[in-house]
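Sequential numbering from 49 applies to the sequence shown in this note's numbering.
Below is one structure, written out as structure tokens, with a few remarks after it.
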Amino acid sequence: MNVLFIDEIHPVLEQELTANGYHCIDGTGIPVEQLPELAKNAQGIVIRSRIPMNEAFLKHAPELKFIARSGAGMENIDVAYCEQQNITLFNSPEGNRNAVAEHALGMLLALFNQLLKADTEVRKGIWDREGNRGHEIAGKTVGIIGYGNNGSQFAKLLSGFDCEILAYDKYKQNFGTERIRETSLKELFEKADIVSFHIPQNKETLFWGSESFFNKFKKPVYLINLSRGKIVSIADLLQAIEEGKILGACLDVLEFEKSSFENMFDGAGVPDTFRKLLENKKVILSPHVGGWTAESYYRLSKVLAEKILAEFGSC
Numbered sequence: 049m050n051v052l053f054i055d056e057i058h059p060v061l062e063q064e065l066t067a068n069g070y071h072c073i074d075g076t077g078i079p080v081e082q083l084p085e086l087a088k089n090a091q092g093i094v095i096r097s098r099i100p101m102n103e104a105f106l107k108h109a110p111e112l113k114f115i116a117r118s119g120a121g122m123e124n125i126d127v128a129y130c131e132q133q134n135i136t137l138f139n140s141p142e143g144n145r146n147a148v149a150e151h152a153l154g155m156l157l158a159l160f161n162q163l164l165k166a167d168t169e170v171r172k173g174i175w176d177r178e179g180n181r182g183h184e185i186a187g188k189t190v191g192i193i194g195y196g197n198n199g200s201q202f203a204k205l206l207s208g209f210d211c212e213i214l215a216y217d218k219y220k221q222n223f224g225t226e227r228i229r230e231t232s233l234k235e236l237f238e239k240a241d242i243v244s245f246h247i248p249q250n251k252e253t254l255f256w257g258s259e260s261f262f263n264k265f266k267k268p269v270y271l272i273n274l275s276r277g278k279i280v281s282i283a284d285l286l287q288a289i290e291e292g293k294i295l296g297a298c299l300d301v302l303e304f305e306k307s308s309f310e311n312m313f314d315g316a317g318v319p320d321t322f323r324k325l326l327e328n329k330k331v332i333l334s335p336h337v338g339g340w341t342a343e344s345y346y347r348l349s350k351v352l353a354e355k356i357l358a359e360f361g362s363c
């Protein structure tokens, strides 16, 4: 079976597939316009986020049996077309769920304890203890929206803190535990002090985090988003911060990102809204690295290898 690698990922996937008789083709350095030709004889494609797997591209791969995405989200894949063509889809959210959860917790702790501000001030010779008085997670109510791999792992880490954990998932029921209470959106809006998104990007969730969403909370909240950038409207978030409805935000993803995150500002320049975001001291930012650890880099590929071999076996 020929497997075309379009993005660079941990070599353990290629190693395990090769050991089981698969022929792996390195397309990571091939110009995008030449990839359709390489895909003609491919039975498998491995991607991250370099190019969309849409119908226009997939028509060049008539023998395709599977697409494996290193990561959780599948928004760059035409899932409906793949279902029509009986193309099996694999992803690996199990591989980086702990990395995402730890990153979310780290950002929240940094925000609550003003670590970025304090570090900058100390390096400038400013020793301001009162001005850097922080907050504790203990005693707060954390609302988790989306209880899949990432949301449930974040809840697991939070269970070590003395806080109330509410979790809402539109597509899951009866997942509550002694420490994590399954809830409705209504109750989450009423009780949450902190809200964290762990949901996929789709038609339902696109810019869900907007003015109308923020207005539903009964008290000011802190916002965490490590899911997808287009789930939160940055303009509406900045307005909510100015109005005191959002007390602070931890953002690992941004609506401005292009499909290739490393080149998100090529050609178009930086949007004015993003410039305002950069100037806001109540927001902590990171460059979509929530699941980006040395450990998750390996596990993402290892999980894909296990899934592919379980489905198709050795060649």
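Don't be surprised by glycine CBs; every beta carbon is placed ideally from N, CA and C.
Here the structure is a predicted model, which means the values were calculated and not measured.
Item, Value
"Can you tell me whether residue 224 is helix, strand or coil according to DSSP?", "coil"
"Three-state secondary structure (DSSP) at residue 56?", "coil"
"State the Cα-Cα distance for the pair residue 110 and residue 89, rounded to the nearest angstrom.", "8 Å"
"With a threshold of 8 Å on Cβ separation, who are the neighbours of residue 80 within its own chain once the five nearest residues in sequence on each side are excluded?", "98 and 99"
"If the criterion is Cβ atoms closer than 8 Å, does the pair residue 160 and residue 94 meet it?", "no"
"Exposed or buried, what is residue 174 when buried is set at 16 or more other beta-carbons lying within 10 Å of its beta-carbon?", "exposed"
"Mapping DSSP to helix, strand and coil, what is residue 276?", "coil"
"For the alpha helix (DSSP H) holding residue 151, just list the boundary residues, first then last.", "141 to 160"
"Taking the runs of the beta strand (DSSP E) that are 3 residues or longer, which of them lie wholly in the region 171 to 252?", "189 to 193, 212 to 216, 228 to 230 and 242 to 245"
"If you run the structure through DSSP and keep just helix, strand and coil, what is residue 167?", "helix"
"Give me the Cα-Cα distance between residue 356 and residue 339, rounded to the nearest whole angstrom.", "21 Å"
"Can you give me the C-alpha to C-alpha distance between residue 263 and residue 139, rounded to a whole angstrom?", "35 Å"
"Can you give the Cα-Cα distance for residue 184 and residue 124, rounded to whole angstroms?", "38 Å"
"Going by DSSP, which residues form a beta bridge with residue 71?", "50"
"Mind reading off the beta-carbon distance from residue 189 to residue 220? Whole number of angstroms is fine, and I expect it under 8 Å.", "That pair is no contact at about 20 Å."
"Judging by CA-CA distance, which residue of 251, 243, 64 and 275 is the nearest neighbour of residue 358?", "64"
"With DSSP run on the structure shown, which of helix, strand or coil describes residue 286?", "helix"
"Pairs of beta-carbons, one from the region 265 to 277 and one from the region 228 to 243, closer than 8 Å: are there three or more?", "yes"
"So residue 337 packs on residue 300, CB below 8 Å; how close in whole Å?", "7 Å"
"Under the three-state reduction of DSSP, which class applies to residue 410: helix, strand or coil?", "Here the chain comprises residues numbered 49 to 363, so residue 410 is not present and cannot be evaluated."
"On the criterion of 16 or more Cβ atoms from any shown chain inside 10 Å, does residue 132 qualify as buried, or is it exposed?", "exposed"
"Can you give the beta carbon distance from residue 235 to residue 277, rounded, assuming they're within the 8 Å contact cut?", "The Cβ separation is near 27 Å, so there is no contact."
"So residue 304 is in the alpha helix (DSSP H); what residue range does that whole segment cover?", "Segment: none, residue 304 is in no alpha helix (DSSP H) and carries neither H nor E."
"Just the C-alpha distance for residue 283 and residue 321, rounded to the nearest angstrom, thanks.", "6 Å"
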